[in-house]
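Beneath this line is the structure, given in structure tokens, with notes to follow.
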Amino acid sequence: MVGGTGRGIRFSKLYSFSCVRSSFREDRSQIGQKGYTRVVHCNDPDDPEAVQLNYRGNYVSTTKYTAVNFLPKSLFEQFRRVANIYFLVVACVSFSPLAPYSALSVLAPLLVVIGATMAKEAVEDWRRRKQDIEANNRRVQVYRNNSFCKAKWKDLRVGDIVKVDKDEFFPADLFLLSSSYEDGICYVETMNLDGETNLKLKHALEETSSLQDEKSFQQFKAVIQCEDPNEDLYSFILLRDSKLRNTDYIHGVVIFTGHDTKVMQNATDPPSKRSKIERRMDKIVYILFSTLVLISFIGSVFFGTETRKDISGGKYRRWYLRPDDTTVFYDPQRPVLAAFLHFLTGLMLYGYLIPISLYVSIEIVKVLQSIFINQDQDMYYEETDKPAHARTSNLNEELGQIDTILSDKTGTLTCNSMEFVKCSIAGTAYGRGMTEVERALARRNDRPHEVGDASSDLLGDGDEMDLGKPIKGFNFRDERIMHGRWVNEPHADAIQKFFRVLAICHTAIPDINEGEISYEAESPDEAAFVIAARELGFEFFSRKQTCISLHELDHESGGKVDRTYKLLHVLEFKSSRKRMSVIVRNPENQLLLLSKGADSVMFERLSKEGRMFEAQTREHIRNYAEAGLRTLVLAYRDLDEEEYKAWEEEFSRAKTSVAADHDALVDAACDKIERDLILLGATAVEDKLQKGVPECIDRLAQAGIKIWVLTGDKMETAINIGYACSLLRQGMKQIVITLDSQDIDVLRKQGDKEAIAKASCESIRKQIREGKSQLISAKENSVSFALIIDGESLSFALNKNLEKSFLELAIDCASVICCRSSPKQKALVTRLVKMGTGETTLAIGDGANDVGMLQEADIGVGVSGVEGMQAVMSSDFAIAQFRFLERLLLVHGHWCYRRISMMICYFFYKNIAFGFTLFWFEAYASFSGQPAYNDWYMSFYNVFFTSLPVIALGVFDQDVSARLCLKYPLLYQEGVQNILFSWPRILGWMSNGVISSIIIFFFTTKSIIPQAFRRDGQVTDFEVLGATMYTSVVWAVNCQIALSINYFTWIQHFFIWGSIIFWYIFLVIYGSLSPTVSTTAYRVLVEACAPSVLYWLATLLGVISTLLPYFSYRAFQTRFRPLYHDIIQQKRSEGLETDDTPNELPHRVRDKIQHLKMGLRRS
Amino acid sequence: MDADGGSASAVGIEGRPVSLHSGQPRALYQFTQQNLPACKPVLTPGWVIATFLLIGAIFIPVGFVSLHASQNVVEIVVRYDAECIPEEYQSNKVAYIRDSSIPKNCTRYLKVHKHMKAPIYVYYQLDNFYQNHRRYVKSRSDQQLLHGLKYNETSSCKPEQLNNGLPIVPCGLIAWSLFNDTFNFVRRSEEMKINRKNIAWKSDRDHKFGKEVYPFNFQNGTLIGGGKLDPRIPLSDQEDLIVWMRTAALPSFRKLYGRIEEDIEADDVIVVHLSNNYNTYSFGGKKKLVLSTSSWLGGKNNFLGIAYIFVGSSCILTSFVFMLLHVKNPR
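Protein chains in written order, with the numbering used here: chain A, 184 to 1346; chain B, 697 to 1027.
Okay, here's the thing in structure tokens:
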């Protein structure tokens, strides 16, 4: 990355004010220094100075490989895996006489495996390349030789002037010169970059906005100095790959090209995550490597001693080996060297212990699993046409092991489609519409046994007035102020001002479509306000750079008039400021500051006279918060001209400064004017819970998953939403940690920061201690606890010295809610839980503020909601609705976990079972390194005879059906406790492999050797023994998998029995090739084995005896110590399992209703 | 075992918007939704007991039948390596066997206890002889066996590749160490005929050993290994060699020597005139002569029958234990 030094400082303003000005200001301190050296010669790319700078072209390549480097580079990638290196070394050494088998037979499977992986890489890269070609050859108009002509994107150079038409993409990062609008504005859609569909407004400088035609560009020359390429996405002007909207055309200067553009600079891979199972698998591979070394060592010691004895005192012992005339590999004179070389041979021979195809099989399986996740119709959200999407496939099984879910609230638990439901104006509360919380209660009182969907009969109950068609974002019912009746209300002027603030104080853009006006807003809250203003008679219909126009309902006449407000300044919303304001001049030439913001910052900015309705408003806000609504306070003030002028000067200075504390200066300037406000009232916006959230949370909690909600809301709102989504219930004891105590308030008034910090820390420590003692005292009577902590307290609780005790307290609580937490705190909490508990964490969120949390957690799940795609882009899995999380975890997570862990266990089993038969045979061949089987039997073992069934296991196996997974959420604990991939189980499978090899080897040799194995008196030789043993191994491992899986479709049958049949087919075909090719396999089945009854009987004996230990274990374990899935399977098979959903409500829902009843009685 | 896939899948599909999957065939839809009709076996106690009993019910009879077949085979084994050394050489058997000037003839008597029905197979059995040693197994050239002198690339045969600069046919350690004890049988002072044809696999004779390939320069070196070959007979007819070249699996093995195609009565005494040429003394290997009839199962080996009976009865026993525990521990 270039220009990393520019991170974290926002320079957006810098460009618009100082880059092109012909007269440079004094304080461009950073220009020209490190990180800010770029010089662009506008309209003059051939200028010698510009040529000298030698900036990159606009050609873009996102491919990992090129045609030239594909082979070496992808091979290098492949051999970064330790196992693959081992196999490569084996393949190389196999050309030497050390090899126990032919080189080709080692090379072939390696080539198949590496080839498959490389082919996958190649296909992926080819897709990327096609996209690149398409992008590089798109056309754009470039100003060359005094006119605009078409050119390909890739031919653009820095300094070129380009013209982009409506709905075209920008070819590079551009500096906006002018647009079809006189005032040089344009609208940009950045969907390709961050997925946000709302339009963003960009301004050109006044100096250049007049450059409109080809002639005017003839004389245009300019030099732009700016920062070096970096990845700070929002600090530049027109970004490559964003789209021009609502504007006929723009002219711009190319500043960054190709890989220097912001979008390319941002194209980094998300941090790669590995699942716990895979990490444990690596350990198993190490164990097997050690076993491999150990048995090779044992073999070489025996071999060495045997070889040494071959010549003693001039006498040849095993004379038939010609110990007098031998090679170094068998030299009795140098037994240590021979033993060492044999050790290497052993490493190759027993290499079958390490499954060569394991990694590629797991990759294939995981990709297929992801396809199933993507295809699941039960996780498909029809309204937005979005299926679930597994963005990485290597975490599938981790989904089955989640211990803690950390969830965002807005947009994740809720719809993030804000509805304006209530407001408080001049101390009077308006709005009769019922909130979801209230409505849910009303319905449950009538029909207590029905758990329905809260939004479906939304319009049926509760609304006694006539409604028009429902309007998105507006659910406000009050006859007192609707339809212009507000003019008759007591404080009509305040009401009018209130609505004006709603209609003017925002950054939305109107979009007029056949008379209907819709709005593009930065946030759904803002859209709800503008819509509310429209519905109440203050229709915002036009925004220009300097003015905003409304259709207004006239106070006196009652008719509609158009009023245009001159927009002087927008003091933008920032999470640190928690408010936004606009300064406008109304048609009566009055200066007004209209402001809206969070109650915590707004009330302290009111003037003395402005506090007339403060008490009532505060009361209303409290009520709204309890009903789970989001509130904002609205206020205004009149400005007089002198004050404004003085302030404006200061503000401009702050805005144009290039110093590092630019932001602080601007904030301070804003702070000066946003004072002495007059309170108008408060708004209450409802963010509806998503469908099925309470049920989903309930089910996840039943599955034993801990759920933490991290939200930016107020504590009251958070608690009530907690009840609404069944995270909190009536029986729970709440432990609240907050700093809203009187002592702290007193300190705050004094303003001594150090004292505040100290006292806060002490207070938090005390509260945590108290909470813990509460927990301990309540241990006996099984009361569950909920911890609620606010953001400020959290920042202290996350300190090094409190961190541990906080975590201890938190993990003992059933639910945890962190309110008013910042994005950084979300990530910190996630890390604390992940590191502190060592358990698997899942973070789920939908907005850009959740990105840190998603990347920090073991698994990040993005909800593709309204807030753009940034969360999805940095997530591992994307779902459209929170409720799909239940299915993603309980069904797919559980299945994938089970499949992968079974698959790995089985993989090691089958290779141990096979590899150890080789070792036992060695013991009877004086450890000389002669494999018991034909070379090609061995090399096809992993590739053909045993690979497909295990892939079928990994892709398709289900212990219980999806329905039962959901019905018995506790089943999920098998993954959380890692029962299926625990060390005893892994070692059990491994020893099963060893036992199988012993049974197969000894039963086979004892029963067919040394007597005649056929009626015609022929005896078993090396070839027949190999074929017989191999037959038993193929049967045994394939039947073993048939015993282990719980789910047989025709696919499993086909793969398992097909593999066995294929062994016989292979043996017939291979055996009928010329004897120089087939060597020991020549006609071995047709001529020797098949006619022998003993061959078949020995196979049967070997296979059944091999399977019996596992079968008996499973039989006894299932009956007498069943795991949870065994119990469910039994219930199903006994027909106890019916499809009825239980009649009674889950206790969480019951408790919730209880809580709501109590709440209503209180109010 | 039970299958409930059909009903479950039907439930899964109901109530879903039809438009979503109307384009897909039903089978494909079931596949992508992981809802294919499936058999889901469950290890219920009934199945467990039934399986164990079934295995027992099959294995025990099979075991008895096999055991019976094995018991019916008459097999006479006589060890002769130690007995065929004269008294004076007992302390230095290797010197005796290596000294070609000493006649190696030896006579052994076999008492037949049970009627032996023709064909009676004659085997020699060697112990502690590693025909499966890697160096030994690799030391041959299949191409040369098939094509003879036309094929020169015989480096795998080292050190028995060349002698005096001329290639050896058949080359390699296996051929060089050819077993060369011979046996003649006399019953009631009448020589019994041993058929030594067709003792090798037909595919070996036809496809692995050339009909036009004659032994050449064989056993001419300073160090003589085992038997010699008649250079006038093509390799495909040298069945002793073919049998020997088909290497044994384990260090203790039998190889077919020939067939006696007449019955031997019980209480017959058979005189074996053998020439004890082959050196197993330097590595302490035993040599045995085996006469055996055969059954449908082959030769005499009780292991298979006993193993079947053992496994079968273990299954029955396990099923009883399981039943007992099942009844004693009601759920």
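Backbone N, C-alpha and C fix where the C-beta goes; we use that ideal spot for every residue, glycine too. What you are looking at is a predicted structure, and each value in this text was computed from that prediction instead of being measured.
Among A:836, A:1158, A:723, A:302, whose alpha-carbon lies nearest the alpha-carbon of residue 688 of chain A? With distances taken between Cα atoms, residue 688 of chain A lies closest to A:723.
Just reading off the alpha helix (DSSP H) that residue 848 of chain A is part of, what are its end residues? It spans 845–856 - the alpha helix (DSSP H) in which residue 848 of chain A sits, taken as one unbroken run.
Taking residue 1188 of chain A as the query, report the chain B residues whose CB atoms sit under 9 Å from its CB, ordered along the chain. Within chain B, the residues 945, 946 have their CB atoms less than 9 Å from the CB of residue 1188 of chain A, given in chain order.
Distance, Cα to Cα, residue 784 of chain A vs residue 860 of chain A? The straight-line gap from Cα to Cα measures roughly 12 Å.
Indicate whether the contact test is met: 3 or more Cβ pairs, each with one atom in the region 1167–1185 of chain A and one in the region 1240–1253 of chain A, closer than 8 Å. Not touching, per the Cβ criterion.
Are there 16 or more other CB atoms within 10 angstroms of the CB of residue 1214 of chain A, so buried, or fewer, so exposed? By the neighbour-count criterion, in which a residue is buried when 16 or more other Cβ atoms sit within 10 angstroms of its Cβ, residue 1214 of chain A is buried.
Assuming residue 422 of chain A and residue 446 of chain A form a contact by the criterion Cβ under 8 Å, report the distance between their Cβ atoms to the nearest whole angstrom. Indeed, because the Cβ distance is near 6 Å, the residues count as touching under 8 Å.
Out of curiosity, what's the CA-to-CA distance linking residue 552 of chain A and residue 1186 of chain A? Roughly 40 Å separates the two Cα atoms.
Going by DSSP in three states, residue 891 of chain A sits in which element: helix, strand or coil? DSSP places residue 891 of chain A in strand when its eight states are reduced to three.
Taking the straight line between their C-alpha atoms, what separation do you get for residue 334 of chain A and residue 367 of chain A? For residue 334 of chain A and residue 367 of chain A, the distance between alpha carbons rounds to 24 Å.
Which of helix, strand or coil DSSP assigns to residue 917 of chain A: Strand.
Output, in chain order, the set of chain B residues within a Cβ distance shorter than 9 Å of residue 1271 of chain A. Residues of chain B whose Cβ lies closer than 9 Å to the Cβ of residue 1271 of chain A are, in chain order, 897, 899.
Could you list which residues in chain A have their beta carbon closer than 9 Å to that of residue 729 of chain B, in chain order? Correct list: 555, 558, 559, 560, 561, 1145.
Does DSSP put residue 327 of chain A in a helix, in a strand, or in coil? In the structure shown, residue 327 of chain A adopts extended strand secondary structure according to DSSP, grouped into three states.
Given residue 1282 of chain A, which residues of its chain have a CB within under 6 Å of its CB, disregarding the five upstream and five downstream residues? So the qualifying residues of the chain are 1214, 1215.
So who's on the other strand from residue 386 of chain A, going by DSSP bridges? Listed as beta-bridge partners of residue 386 of chain A by DSSP are A:368.
Of the choices A:331, A:993, A:329, A:320, whose alpha-carbon is the least far from that of residue 338 of chain A? Nearest C-alpha to residue 338 of chain A: A:320.
Just the Cα atoms here: how many angstroms apart are residue 897 of chain A and residue 972 of chain A? C-alpha separation (whole angstroms): 11 Å.
Does residue 638 of chain A come out as helix, strand or coil in the three-state DSSP assignment? A caution first: residue 638 of chain A carries a pLDDT of 38, below 50, which makes its placement in the model unreliable, though a value can still be read off. Three-state result, residue 638 of chain A: coil.
Could you give the uninterrupted runs of the alpha helix (DSSP H) lying entirely in the region 837–867 of chain B, keeping only those of 4 residues or more? Listed in chain order, the complete alpha helix (DSSP H) runs (minimum 4 residues) inside the region 837–867 of chain B are 838–843.
If you check the beta carbons only, do residue 502 of chain A and residue 973 of chain B fall under 8 Å apart? 8 Å or more divides the Cβ of residue 502 of chain A from the Cβ of residue 973 of chain B.
Pull up the distance between the alpha-carbon of residue 690 of chain A and that of residue 369 of chain A, whole angstroms please. Whole-angstrom Cα-Cα distance: 15 Å.
Got a sec? Which residues, its chain only, sit under 7 Å from residue 856 of chain A by beta carbon, not counting five neighbours each side? These residues qualify, in order along the chain: 776, 830.
Within 10 angstroms of its Cβ, does residue 584 of chain A collect 16 or more other Cβ (buried), or is it exposed? Counting the other CB atoms within 10 Å of its CB gives residue 584 of chain A a total of 16 or more, which places it among the buried residues.
Just checking: is the beta-carbon of residue 504 of chain A within a distance shorter than 8 Å of some beta-carbon in chain B? Taking a beta-carbon distance threshold of 8 Å, residue 504 of chain A counts as an interface residue toward chain B.
Use the C-beta contact count for residue 275 of chain A: other C-beta atoms within 10 angstroms, 16 or more gives buried, fewer gives exposed. So residue 275 of chain A ends up on the exposed side.
Using beta carbons (cut-off 8 Å, strictly below), is residue 1276 of chain A in contact with chain B? At least one chain B Cβ lies under 8 Å of residue 1276 of chain A.
Quick one: grab the DSSP three-state call for residue 775 of chain A. Residue state, collapsed to three classes: strand.
Residues of the region 1098–1112 of chain A in Cβ contact with chain B at a cutoff of 7 Å, in chain order, please. For the region 1098–1112 of chain A, which is checked against every Cβ of chain B, the residues closer than 7 Å are 1107, 1108, 1109, 1111, 1112.
Could you tell me whether the Cβ of residue 642 of chain B comes closer than 8 Å to any Cβ of chain A? Since the first residue shown for chain B is 697 and the last is 1027, residue 642 of chain B is missing from the structure and cannot be characterised.
Unbroken beta strand (DSSP E) run spanning residue 428 of chain A, endpoints: Element bounds for residue 428 of chain A: 426–428.
I'd like to know if the region 939–959 of chain A and the region 998–1008 of chain A are in contact, where contact means that at least 3 CB-CB pairs between them fall below 8 Å. Verdict: no, contact absent.
Just confirm the distance between the C-beta atoms of residue 1243 of chain A and residue 1229 of chain A, as a whole number of angstroms; I'd bet it's less than 8 Å. That pair is no contact at about 20 Å.
Less than 6 Å between C-beta atoms, sequence neighbours within five positions excluded: which residues of the same chain meet that for residue 878 of chain B? In its chain, beyond the 5 residues on either side, 971 have a beta carbon closer than 6 Å to the beta carbon of residue 878 of chain B.
Relative to the C-alpha of residue 1189 of chain A, which residue among A:1277, A:1292, A:1127 is closest? Comparing Cα-Cα distances from residue 1189 of chain A to each of A:1277, A:1292, A:1127, the minimum goes to A:1277.
In whole angstroms, give me the CA-to-CA distance for residue 743 of chain A and residue 591 of chain A. One Cα belongs to residue 743 of chain A, the other to residue 591 of chain A, and the distance between them is close to 43 Å.
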